[in-house]
Every structure is written in structure tokens, then in C-alpha cells.
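Colleague: Residue numbers (our numbering): 499 to 787.
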Amino acid sequence: MLNTVRFTNNCIDENGCVLLLGGFDGLHVGHKKLVACAKEYGLPIGVMSIIGGKDGESLFTQTERERIFQNAGADFAFFLPFANICDLSAENFATLLVQKYAPKAFVCGDDFRFGKGAMGTPILLKRATHVPVEVQPLVEMYGEKVSARAIKKWLASGETELASERLGREFFLIGKVEKDRQIGRTIGFPTANIRYPQGKFPLKTGVYESYVVVDGKAYKGITNYGARPTFENAQVWTETYLDGFDGDLYGKELTVYFRRYLRDIRKFENGAALKKQLQEDIRRVREND
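#1: Do you know offhand how far lysine 773's Cα is from serine 662's?
#2: Between the segment 577–592 and the segment 682–697, do three or more beta carbon pairs fall short of 8 Å?
#3: Within 8 Å, do at least three Cβ pairs link the segment 591–607 to the segment 625–639?
#4: Report yes if the C-beta distance between aspartate 741 and lysine 718 is below 8 Å; otherwise report no.
#5: Using beta-carbon positions only, say whether leucine 525 and leucine 595 come within less than 8 Å of one another.
#6: So, with DSSP's three-state summary, where would you put glycine 769?
#7: Considering Cα atoms alone, identify which of Arg647, Gly673, Glu564 and Glu707 is closest to glycine 749.
#8: Assuming the contact rule is C-beta atoms closer than 8 Å, leucine 532 and cysteine 515 should be a hit. Round their C-beta distance to whole Å, please.
#9: Among the candidates Leu665, Tyr694 and Ile548, whose CA atom is the shortest distance from the CA of alanine 575?
#10: Using 8 Å as the threshold, is the C-beta distance between serine 556 and phenylalanine 670 below it?
#11: Using only CA atoms, which one of Gln775, Arg761 and Cys535 lies nearest to glutamate 767?
#12: Leaving out the 5 sequence neighbours to the left and right, which residues in its chain are closer than 7 Å to valine 675 when beta-carbon positions are compared?
#13: If we require 4 or more residues per run, which alpha helix (DSSP H) segments fall completely within the segment 581–608?
#14: Using the DSSP secondary-structure output, state which residues sit across from asparagine 691 in a beta bridge.
#15: Could you check whether tyrosine 694 and phenylalanine 756 sit closer than 8 Å to each other, using their CB atoms as the reference points?
#16: Tell me, please, which residues DSSP counts as bridged to lysine 643.
#17: To the nearest angstrom, how far is the alpha carbon of glycine 618 from that of aspartate 787?
#18: Helix, strand or coil: how does DSSP classify glycine 528 here?
#19: Would you please state the rounded distance, in angstroms, between the beta carbons of threonine 627 and alanine 588? I believe it to be under 8 Å.
#20: What number of angstroms, rounded off, separates the C-alpha of arginine 625 from the C-alpha of glutamine 597?
#21: Helix, strand or coil, according to DSSP, for valine 783 in the structure here?
#22: How long is the line joining the alpha carbons of glutamine 696 and glutamate 564, rounded to whole angstroms?
#23: If contacts are defined as beta-carbon pairs under 8 Å, then arginine 761 and glycine 686 qualify, I think. What distance do you get, rounded to the angstrom?
#24: Can you tell me whether aspartate 620 is helix, strand or coil according to DSSP?
#25: Look at the Cβ atom of glycine 769, then the Cβ atom of threonine 658, and state whether they are nearer than 8 Å.
#26: Run through the DSSP bridge pairs and tell me what isoleucine 548 is partnered with.
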């Protein structure tokens with residue numbers, strides 16, 4: 499079970515931990531190498547995760563990150579608000595890590611920098627704390643460094659499969675189903691409507707092949723991310739049709755995984771024309787077309 503430690507609290511494990519350093523906006527394939535390295539110490543694993551960083555929207559919300567870290571085998575998640583640490587010198591930040599989290603070792607990538615002006619390096623960290631620092635080489639794919647910034651670039655262009663390859667999983671969101679106008683139900687395509695989390699990185703608007711997990715069961719689906727122009731609705735929602743689901747989803751928590759971009763959002767003449775297109779969308783999903 500993952501133990502979430504707020505910035506105002508200290509690590510509660512008397513044995514200390516191996517602390518993974520970085521922004522950790524979720525985990526990508528490079529981060530997973532750090533986790534594997536940390537597991538070799540045989541100590542509790544803590545992950546430092548920055549909230550509200552300087553790069554704008556985050557790939558994953560705190561709730562989503564907690565699930566990712568737990569599934570990866572971490573014992574602690576240390577969430578640090580960027581506003582609380584951005585003005586700390588490298589030396590003061592290093593001292594804070596030791597005082598709050600009592601690490602027995604640090605693990606980071608060789609591009610890890612910290613402190614005001616990004617002046618801190620792994621060498622400085624070891625010198626300032628006298629704690630071992632294990633530095634792992636960066637991971638590249640097709641000549642490009644795997645990073646949150648690169649993943650955002652692919653999501654913004656609708657290349658979800660390339661983003662997923664770097665994440666090591668599909669990009670996803672977690673949210674509760676809200677009751678809306680139920681227009682999809684009138685054309686035979688009832689949808690689960692979820693507000694896209696504020697501050698979460700906006701992928702390219704469009705219709706996606708997805709799969710959805712609810713109550714421990716997975717369903718294939720089609721997900722509309724964006725506005726609904728056919729029905730003159732400019733509010734941005736995530737609407738998902740779950741293929742084969744029959745029941746009430748209102749108030750339930752769903753995890754929606756975005757598999758691939760199917761098409762642009764466009765305005766149809768009427769509900770019948772929209773229904774015909776949705777039938778084609780779900781055929782493509784079923785047949786992996």
C-alpha cells in the first residue's frame with residue numbers, strides 16, 4: 499500500500515528509504531529503470547513528485563500518480579508543491595530532502611538538476627548530504643530522450659500510440675461519471691461523461707479508441723475528448739461509450755485509457771448521421787481496423 503506523504507509531513511519509516519529524484523509526473527520507461535535500480539537496495543522506495551511545476555499542465559493528477567507509483571512497487575510518494583521549493587538554493591533543497599525523508603540512498607537520472615536556477619547536480623547532492631547517489635543513464639527512443647515534454651508533444655498531435663510507447667502504458671485519466679443531457683442515449687450510444695481534470699495536459703481534441711476499467715472490469719470503447727458541436731454544446735467533456743456495458747454508471751469511478759486517435763470531431767447534420775458514424779467507429783474498434 500502506497501503511503502502518501504504531504505510536504506508538511508516527514509517520512510514515517512524509521513528505516514529510511516531509497517529516494518527516487520525527479521519531477522515524476524507519473525512514470526515513463528526511463529523512470530522505470532530508476533525503480534528497478536532502487537529495488538536492488540531492499541529498502542522502502544520513495545518517489546519525489548513535483549506538483550504544479552513550471553512546465554504547465556501535468557500529464558497525470560495526484561490521484562493518478564498515486565496509482566501509478568503503487569503499481570510500480572513504491573512504498574512512499576513525496577509530493578512537493580513547486581511553489582514551496584522553487585526559490586530554495588541547491589544546498590538548502592538537499593538539506594530538506596535529508597531532514598524530511600531520511601534517505602539511505604538517492605537514485606536519479608544523469609540529467610537531474612535541482613534548486614533555484616537548476617544549479618544542483620548529483621555530485622553536489624552527494625557532497626552536501628553524504629548520502630550515496632546512484633545515477634542512471636538517460637533512456638532514448640529513436641534518437642529522442644524519453645521525457646514528459648516529449649510525451650506531451652506526441653499527445654498534443656494525437657500520436658497517442660507513440661506517447662504510450664514512451665510511457666510504457668496508455669495515457670489515461672481517472673474520474674467520476676456525471677449526469678449530463680443524456681443525448682447519446684437517444685441515438686443508442688449512451689456515454690459516460692467525465693469532466694477532464696483541471697490542470698491535466700490536454701491531448702488533441704478528437705475521437706479515440708479507448709478501453710475503460712470500471713468495478714475491476716475492462717471494456718472496449720470510443721471516447722470523444724472535446725466539445726460536442728452536433729448538439730451546440732461547447733463545454734469540453736470526456737464522453738465514452740463502453741461497448742457491451744449495460745447498467746448505471748452515474749457516480750462511479752472510471753479509468754479511461756486512450757489507445758489511438760480515430761478521427762477529428764465534426765458537426766453532423768443530425769443525430770441519425772452521428773449514429774451512423776459512431777457505428778463505424780465502434781466497428782473499427784472491434785475489428786482493430
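From the three backbone atoms N, C-alpha and C, an ideal C-beta is built for every residue, glycine too.
Modeller: Reading off the structure:
#1: 29 Å
#2: no
#3: yes
#4: yes
#5: no
#6: helix
#7: Gly673
#8: Not really, about 13 Å apart at Cβ, beyond 8 Å.
#9: Ile548
#10: no
#11: Gln775
#12: Ala690, Asn691, Ile692, Leu747, Tyr748, Gly749, Lys750 and Leu752
#13: 588–599
#14: Glu676 and Glu737
#15: no
#16: Glu638
#17: 49 Å
#18: helix
#19: Between alanine 588 and threonine 627 the Cβ distance is about 11 Å, and since that is not below 8 Å, they are no contact.
#20: 16 Å
#21: helix
#22: 17 Å
#23: The pair is not a contact, with the Cβ atoms about 19 Å apart (cut-off 8 Å).
#24: The question names aspartate, but residue 620 in the sequence shown is proline. DSSP places proline 620 in helix when its eight states are reduced to three.
#25: no
#26: Leu578
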